[in-house]
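This report concerns only the one structure given below.
Here it is as structure tokens:
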């Protein structure tokens, strides 16, 4: 394609995640679990993460860039899933959440961490700032994940009216949350 | 700091933005405008962008990765602000939106496009998919911006209860939207 597509873009991590979460939520081996066991495992992980407190340790040389972030209750964390093998960045299509009972979909139509440019985005509650360290709640990033960017959560950038979702995603929500 | 912070991460654009928007919304020269003129310019730009239809032209070789994205009404576009000079990635603190009447804040506490790793995130309405081209509404990316990633908008990843914002951000909203 065009010139812009040939040019590599370089990121330099600005910090690192410190978390009790040591392994990715879904793993390749989990594909062998029967659906009920798999769902129960995911539900349990979601319960744990909901109350998990992690730290974002930002490069002390960049501490001034955090000035004023403590006035926001929520921040957007952009991070790199470093435990996903580089070879999986070429994956084209997957069963959502590895569930073979759901139709295969393109990677861009899923939130799979294995994607061409694995920059993952989580919006989390900021509990506290101590100098260059941010304490956050319910971050799904694994311990050691490089932090790519921190942004304040600002509603104007996320205004979504009447969102529409595919049936397979509603199925996943029903299976995890119960309900209709 | 630690090893993870020394390692560069490489992105390869997966597509490019085609838009009638040719220059960044706020420019350095605008800092000379008096506040009322500056606000009027921003308001006018926001009106234009609200109805702007842009195209995300994805690398045809990756078209299969889009399969099923048309079942979502909204997508998250991750893109690179290529017109921001690389030298500005070292900027530590700014007046939000370049407004000298507002207190200086760290880059991570703002949505400034000039940041150490300028991966910008916009949630937009997906109007249509034609093969490898996505038509979207109200994208603030400039023509030619490299597309880094496309994700479906999934509410579960953005749940935010009772967000709290700093006074300077409320001031910006009041100035742009009117109201108390």
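Protein chains in written order, with this note's numbering: chain A, 1 to 180; chain B, 1001 to 1180.
Note that beta-carbon positions come from the ideal geometry of N, C-alpha and C, so glycine has one too.
None of these values were measured; they are calculated from a predicted model.
Exposed or buried, which one is residue i when buried takes at least 16 other CB atoms within 10 Å?
i, result
"residue 134 (chain A)", "buried"
"residue 50 (chain A)", "exposed"
"residue 109 (chain A)", "buried"
"residue 1032 (chain B)", "exposed"
"residue 35 (chain A)", "exposed"
"residue 1180 (chain B)", "Bear in mind that a pLDDT of 42 at residue 1180 (chain B), under 50, signals an unreliable position, so the number given afterwards is only what the model happens to contain. Exposed: under 16 other Cβ atoms inside 10 Å."
"residue 1140 (chain B)", "buried"
"residue 55 (chain A)", "buried"
"residue 174 (chain A)", "exposed"
"residue 68 (chain A)", "buried"
"residue 1105 (chain B)", "buried"
"residue 99 (chain A)", "buried"
"residue 1156 (chain B)", "exposed"
"residue 1060 (chain B)", "exposed"
"residue 151 (chain A)", "buried"
"residue 123 (chain A)", "buried"
"residue 1131 (chain B)", "exposed"
"residue 64 (chain A)", "exposed"
"residue 10 (chain A)", "exposed"
"residue 1101 (chain B)", "exposed"
"residue 22 (chain A)", "exposed"
"residue 1015 (chain B)", "buried"
"residue 113 (chain A)", "buried"
"residue 117 (chain A)", "buried"
"residue 81 (chain A)", "buried"
According to DSSP, is residue i helix, strand or coil?
i, result
"residue 24 (chain A)", "coil"
"residue 1034 (chain B)", "coil"
"residue 1180 (chain B)", "Its pLDDT being 42, under 50, residue 1180 (chain B) is placed unreliably in this model, and the coordinates cannot settle the point."
"residue 1174 (chain B)", "helix"
"residue 46 (chain A)", "helix"
"residue 12 (chain A)", "coil"
"residue 105 (chain A)", "strand"
"residue 84 (chain A)", "coil"
"residue 1166 (chain B)", "coil"
Quick one: which chain B residues come within Cβ less than 9 Å of residue i?
i, result
"residue 114 (chain A)", "What residue 114 (chain A) touches in chain B: nothing, since even the nearest Cβ is about 11 Å away."
"residue 181 (chain A)", "Residue 181 (chain A) is absent from the structure shown; chain A starts at 1 and stops at 180."
"residue 53 (chain A)", "Correct list: empty, because the minimum Cβ distance to chain B is about 17 Å."
Under 8 Å between beta-carbons, which chain A residues line up against residue i? List them in chain order, please.
i, result
"residue 1011 (chain B)", "8, 9, 10, 11, 117, 119"
"residue 1023 (chain B)", "Ordered by position in chain A, no residue passes the 8 Å Cβ test against residue 1023 (chain B), which lies about 17 Å from the chain."
"residue 1133 (chain B)", "Chain A residues near residue 1133 (chain B): none, gap ~12 Å exceeds 8 Å."
So with CB distances below 7 Å, who are the chain B contacts of residue i?
i, result
"residue 169 (chain A)", "1154"
"residue 68 (chain A)", "1105, 1106, 1109, 1166"
"residue 78 (chain A)", "1119"
Tell me where the alpha helix (DSSP H) around residue i begins and ends.
i, result
"residue 70 (chain A)", "Neither: residue 70 (chain A) is in no alpha helix (DSSP H) and is coded neither H nor E."
Can you pull the chain A neighbours of residue i, defined as C-beta to C-beta under 9 Å?
i, result
"residue 1062 (chain B)", "92, 106, 107, 108, 116"
Since residue i is in the beta strand (DSSP E), which residue starts that stretch and which ends it?
i, result
"residue 1135 (chain B)", "1133-1137"
"residue 205 (chain A)", "Residue 205 (chain A) is absent from the structure shown; chain A starts at 1 and stops at 180."
"residue 1160 (chain B)", "Premise fails: residue 1160 (chain B) is in no beta strand (DSSP E) and is neither H nor E."
"residue 1149 (chain B)", "1146-1152"
"residue 19 (chain A)", "Counting along the chain, residue 19 (chain A) falls outside any beta strand (DSSP E), and DSSP gives it neither H nor E."
"residue 1055 (chain B)", "1053-1058"
Report the neighbours of residue i on chain A: residues whose CB is nearer than 7 Å to its CB, in chain order.
i, result
"residue 1071 (chain B)", "166"
"residue 1142 (chain B)", "What residue 1142 (chain B) touches in chain A: nothing, since even the nearest Cβ is about 12 Å away."
Taking 8 Å as the cut-off, is the CB of residue i close to at least one heavy atom of the ligand NAP?
i, result
"residue 1066 (chain B)", "Judged by which ligands are present, the structure shown has none, so any question about the ligand NAP falls away."
Which chain B residues sit within Cβ distance under 8 Å of residue i?
i, result
"residue 136 (chain A)", "Under the 8 Å cutoff, chain B gives no residues; its nearest Cβ is about 13 Å from residue 136 (chain A)."
Point to revise | Residues within the stretch 1149-1166 of chain B neighbouring chain A, beta-carbon criterion of under 8 Å | key: The stretch 1149-1166 of chain B vs chain A, Cβ under 8 Å: 1149, 1150, 1151, 1152, 1153, 1154, 1155, 1156, 1157, 1158, 1159, 1160, 1162, 1163, 1164, 1165, 1166.
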